[in-house]
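2 protein chains.
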Amino acid sequence: MIYNIRNGIMFEPFTLKDIAKALGLSTSTVSRALRDTHEISPETKKLVLDYAQQINYRPNPIALSLKERRSKSIGVSLSEVANQYFAQVVNGIESIAYDRGYHVIITQTHEFYEREKVNIQHLASRSVDGLLVSLSAETTDTSYLQNLHQRGLPMVFFDRVTDQINTHQIIANNVKGAFEATEYLIKQGCKRIAHLTSSAHLSISSERLNGYKQALAKYNLPFNEAYIKYCAHGGMFQEETDISVRELMNLKEKPDGLFVASDRLSIGALAVFKELKIKVPQKMVIAGFCNSDVLDLMCPTLTSVRQPAFEMGQIATDMLLNLIESKYPVHDFEKKILDTSLSVRNS
Amino acid sequence: MIYNIRNGIMFEPFTLKDIAKALGLSTSTVSRALRDTHEISPETKKLVLDYAQQINYRPNPIALSLKERRSKSIGVSLSEVANQYFAQVVNGIESIAYDRGYHVIITQTHEFYEREKVNIQHLASRSVDGLLVSLSAETTDTSYLQNLHQRGLPMVFFDRVTDQINTHQIIANNVKGAFEATEYLIKQGCKRIAHLTSSAHLSISSERLNGYKQALAKYNLPFNEAYIKYCAHGGMFQEETDISVRELMNLKEKPDGLFVASDRLSIGALAVFKELKIKVPQKMVIAGFCNSDVLDLMCPTLTSVRQPAFEMGQIATDMLLNLIESKYPVHDFEKKILDTSLSVRNS
DNA sequence: TTGAAAGCGCTAACAG
DNA sequence: CTGTTAGCGCTTTCAA
Numbered sequence: 001m002i003y004n005i006r007n008g009i010m011f012e013p014f015t016l017k018d019i020a021k022a023l024g025l026s027t028s029t030v031s032r033a034l035r036d037t038h039e040i041s042p043e044t045k046k047l048v049l050d051y052a053q054q055i056n057y058r059p060n061p062i063a064l065s066l067k068e069r070r071s072k073s074i075g076v077s078l079s080e081v082a083n084q085y086f087a088q089v090v091n092g093i094e095s096i097a098y099d100r101g102y103h104v105i106i107t108q109t110h111e112f113y114e115r116e117k118v119n120i121q122h123l124a125s126r127s128v129d130g131l132l133v134s135l136s137a138e139t140t141d142t143s144y145l146q147n148l149h150q151r152g153l154p155m156v157f158f159d160r161v162t163d164q165i166n167t168h169q170i171i172a173n174n175v176k177g178a179f180e181a182t183e184y185l186i187k188q189g190c191k192r193i194a195h196l197t198s199s200a201h202l203s204i205s206s207e208r209l210n211g212y213k214q215a216l217a218k219y220n221l222p223f224n225e226a227y228i229k230y231c232a233h234g235g236m237f238q239e240e241t242d243i244s245v246r247e248l249m250n251l252k253e254k255p256d257g258l259f260v261a262s263d264r265l266s267i268g269a270l271a272v273f274k275e276l277k278i279k280v281p282q283k284m285v286i287a288g289f290c291n292s293d294v295l296d297l298m299c300p301t302l303t304s305v306r307q308p309a310f311e312m313g314q315i316a317t318d319m320l321l322n323l324i325e326s327k328y329p330v331h332d333f334e335k336k337i338l339d340t341s342l343s344v345r346n347s
Numbered sequence: 001m002i003y004n005i006r007n008g009i010m011f012e013p014f015t016l017k018d019i020a021k022a023l024g025l026s027t028s029t030v031s032r033a034l035r036d037t038h039e040i041s042p043e044t045k046k047l048v049l050d051y052a053q054q055i056n057y058r059p060n061p062i063a064l065s066l067k068e069r070r071s072k073s074i075g076v077s078l079s080e081v082a083n084q085y086f087a088q089v090v091n092g093i094e095s096i097a098y099d100r101g102y103h104v105i106i107t108q109t110h111e112f113y114e115r116e117k118v119n120i121q122h123l124a125s126r127s128v129d130g131l132l133v134s135l136s137a138e139t140t141d142t143s144y145l146q147n148l149h150q151r152g153l154p155m156v157f158f159d160r161v162t163d164q165i166n167t168h169q170i171i172a173n174n175v176k177g178a179f180e181a182t183e184y185l186i187k188q189g190c191k192r193i194a195h196l197t198s199s200a201h202l203s204i205s206s207e208r209l210n211g212y213k214q215a216l217a218k219y220n221l222p223f224n225e226a227y228i229k230y231c232a233h234g235g236m237f238q239e240e241t242d243i244s245v246r247e248l249m250n251l252k253e254k255p256d257g258l259f260v261a262s263d264r265l266s267i268g269a270l271a272v273f274k275e276l277k278i279k280v281p282q283k284m285v286i287a288g289f290c291n292s293d294v295l296d297l298m299c300p301t302l303t304s305v306r307q308p309a310f311e312m313g314q315i316a317t318d319m320l321l322n323l324i325e326s327k328y329p330v331h332d333f334e335k336k337i338l339d340t341s342l343s344v345r346n347s
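Here the protein sequences line up with chains C and R, keeping their order.
UniProt numbering numbers the first residue of the first sequence as 1 and each following residue consecutively.
UniProt numbering numbers the first residue of the second sequence as 1 and each following residue consecutively.
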């Protein structure tokens, strides 16, 4: 192995020029040799390839990106990878992206609009060929995304989507999932079912609220606005969850069942109930959207709506790469809805 | 807002040249105006800034990287973000990196050596300015890293470190943490304490094994090789954990206590005990390294050694950025050891 | 078959 | 104060 010591301190990978100089060739010849064109003599080619191998030459992808005006990488914006659901989505994304020669850059919003905007602007400013986006809980203004989209940056929304931008969307069947979870609570005998959910302007929130309402309606239970608690940052701050749950439990007509809209909120709510010494599920039956494996092991076990997170990541990525690699402008967009499954783990 | 329609399909951000042409200036003037040098007239500057603002101009970071031969981004290699410990580390990393103007690219090894190598090679050639590495469970050969290091790529190891590369390291006090967890089990009355751990060649594994042995020694308990179970992929595949736990429970002298070396293994082991209908903690007391918030809510609660994950990420990043930005070669490296805390949550 | 030269977007040295 | 030019690493005409 030969080391590049042009500069003692900085990390300086080998370049075409290094090879050319060492071999007394021109850079274009070296480039051709490495890229397997026909217009090159077998000897030169072998010479170059051997030497490149020896010094472990790697083409500089930055230079390539600049030249080809694409980076073979995609950007992802999501709330946080500590959330099991999103971690699974990421695995799905990577599984497809790597197969197709793309790299993945993940950014976290932690549910803040400003962070999301900064992250996405940076991703877009050239380093990525496309975007996979799940909106933050705070986001209401998507104009910066509309901008990028109008200017031709391919993007696909997953999970938390917006109709303000005409492109592919992939979501779970939130309405049905919420319906089933609520129905489960009703069948457990709950009469006063509360709903703890994320920010009101998220697509998932309204979809899940709908499913919840439909279930109540089907079983002739009244809808009570006081039973709906929104957490503006999706329970990012435990305080949000804490206040919401306590308010619910301070109502004159205390709820006896709770439908929770997410992973994080479920965990947060359980913590509060534990503090309040309210027994789950004896005093409070809980069901909700949750993809955490750990919760499988929980006692009090809680029934959960599972989303096909890995698959969602895969499909979203496939859609995005197809957009990116499409030769022609795409105008036909799809809204894909994947089935959820109710995993009953009651006490 | 003005749209760039040089090309109807592709996403073509504005360039300096676009601005220059529109304003009848040269690209260098525009560049200067945007970068706030003194050698520019206020009028020209205002003209350019206003126009740039109007079209929402962003400099192309790829071109910048190519020019400056650094990307203002750092690469991270870790096993998987679905692991709460690593998710917390990532948050720590990002908190520092963003403050100092760096972007973070996360790659997951899923405990595979090959994946790690490919990821890191790509990060390096893609001109990340430095690397934060926590080795995969499979990794024994670090020569490709030594290579990059010798050629001047700054790197800092965290959590799963190697002494084969002379650079900063940051780890938790694994010996002490393991000692305390084991001691806790002993004080609970356990006589036959098993140890479920990750791959044998990980630094964390040997450190934690040491602490475990020291505790046994202090309390005059015999060390029994049969009680040590390694999972080559850190429990990445539940089968590994499953087999290990079953083997332990098939021993003639069944263990009555278990010290588990990680998050994932704890969760996996609990699942097996549940399947085997072995009551925790009545029949099996468990303590182990774990940073999962969710486990706080678990019943059977298990006692855990907590690592200051967020802080580790912060410190590692600070160290790395100092290396990157250092004007002179650094030869003094530090091995930082952070304290763990035992969080007793017994039945 | 090979080399010279231009250009991707940007900055910086050098002229004017 | 502003424009021209060269160069970061690479590919791709165009000439030879």
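Each residue gets a CB set at the ideal place from its N, CA and C atoms; glycine is no exception.
### Task
For the region 279-293 of chain R, enumerate the residues whose C-beta is nearer than 9 Å to any C-beta of chain C, in chain order.
S292 and D293
### Task
Evaluate K229/R with the Cβ neighbour count: other Cβ atoms within 10 Å of its Cβ, from every protein chain shown; 16 or more gives buried, anything less gives exposed.
buried
### Message
Applying the 10 Å Cβ sphere with the 16-neighbour rule, what's the burial state of A217/R?
### Response
exposed
### Message
Give me, in chain order, the residues of the same chain whose beta-carbon lies closer than 6 Å to that of S343/C; leave out the 5 immediate sequence neighbours on both sides.
### Response
S304 and R306
### Task
Output yes if chain C places a C-beta closer than 9 Å to the C-beta of N344/R; else output no.
Note that residue 344/R corresponds to Val in the displayed sequence, not to Asn. No, its Cβ sits nowhere closer than 9 Å to a Cβ of chain C.
### Message
Please tell me whether S71/C has its Cβ less than 9 Å away from any Cβ of chain R.
### Response
yes
### Query
Roughly how many angstroms lie between the CA atoms of I62/R and T301/R, to the nearest whole one?
50 Å
### Query
Between the beta-carbon of V128/R and the beta-carbon of S79/R, is there less than 9 Å?
no
### Query
Residue ranges of each alpha helix (DSSP H) run of no fewer than 4 residues wholly in the region 305-330 of chain R, ordered along the chain?
309-325
### Query
For F179/C, which of helix, strand or coil comes out of DSSP?
helix
### Task
Tell me where the beta strand (DSSP E) around L196/C begins and ends.
I193 to T197
### Task
Tell whether a beta-carbon distance below 9 Å holds between Q214/R and K335/R.
no
### Task
Quick one: using the 10 Å Cβ neighbour count with 16 as the cut-off for buried, is D339/C buried or exposed?
exposed
### Query
What is the C-beta distance between I106/C and S73/C, in whole angstroms, given that I count them as a contact (C-beta under 8 Å)?
11 Å between Cβ atoms; not a contact.
### Task
Please look up how many angstroms separate the CB atoms of M298/R and L258/R, rounded, as I've assumed it's under 8 Å.
About 15 Å separates the two Cβ atoms, so there is no contact after all.
### Task
Could you tell me the distance, in whole angstroms, from the CA atom of V133/C to the CA atom of L135/R?
30 Å
### Query
Counting along the chain, where does the beta strand (DSSP E) carrying M155/C start and finish?
M155 to F158
### 4-residue-minimum alpha helix (DSSP H) runs that sit fully inside the region 217-251 of chain C, ordered along the chain
238-249
### Task
Alpha carbon to alpha carbon, how far is Q146/R from P329/R? Give it in angstroms, no decimals.
17 Å
### Task
Please list the residues of the region 216-247 of chain C that have a C-beta atom closer than 7 Å to any C-beta atom in chain R, keeping them in chain order.
none
### Message
According to DSSP, Q108/C sits in a beta bridge with which residue or residues?
### Response
L78/C
#### Entry: Alpha carbon of Y3/R to alpha carbon of Q238/C, nearest angstrom
Confidence is the limiting factor: at Y3/R the pLDDT is only 44, short of 50, which leaves the residue's position unreliable, though a coordinate-based value still follows. Going from the Cα of Y3/R to the Cα of Q238/C covers about 43 Å.
### Query
When you check each C-beta in the region 58-87 of chain R against every C-beta of chain C, which residues fall closer than 8 Å?
R58, P59, N60, P61, I62, A63, S65, L66, R69, S71, E80, V81, A82, Q84 and A87
### Query
In chain order, what residues of the same chain lie with their CB nearer than 6 Å to the CB of R115/R, ignoring the 5 residues before and after it?
T109
### Message
According to DSSP, simplified to helix, strand and coil, what is V294/C?
### Response
helix
### Query
Under a CB-based cut-off of 9 Å, is R35/R close to chain C?
no
### Outcome for L153/R when other beta-carbon atoms lying within 10 angstroms are tallied against a minimum of 16
buried
### Message
Could you tell me the alpha carbon to alpha carbon distance between D256/R and A269/R, rounded to whole angstroms?
### Response
14 Å
### Query
Can you list, in chain order, the residues of its chain whose CB lies under 6 Å from that of F86/C, leaving out five sequence neighbours each side?
L78
### Query
According to the Cβ coordinates, are residue 383/C and S206/C closer than 9 Å?
The shown model of chain C, from 1 to 347, leaves out residue 383/C, and the question about it has no answer.
### Query
Can you give the Cα-Cα distance for I19/C and L25/C, rounded to whole angstroms?
8 Å
### Task
Determine the direct distance from the alpha carbon of M155/C to that of T317/C, and round the result to whole angstroms.
10 Å
### Query
For the beta strand (DSSP E) that contains Q169/R, what are its first and last residues?
Q169 to A172
### Task
Could you spell out where the beta strand (DSSP E) holding S343/R opens and where it closes?
S341 to S343
### Message
Does chain R have any CB closer than 9 Å to the CB of S31/C?
### Response
no
### Task
Output the distance between the C-alpha atoms of I5/C and D332/R, rounded to the nearest integer angstrom.
Unreliable positioning characterises I5/C in this predicted model, as indicated by a pLDDT of 40, which lies under 50. The coordinate reading is nonetheless provided below. C-alpha separation (whole angstroms): 21 Å.
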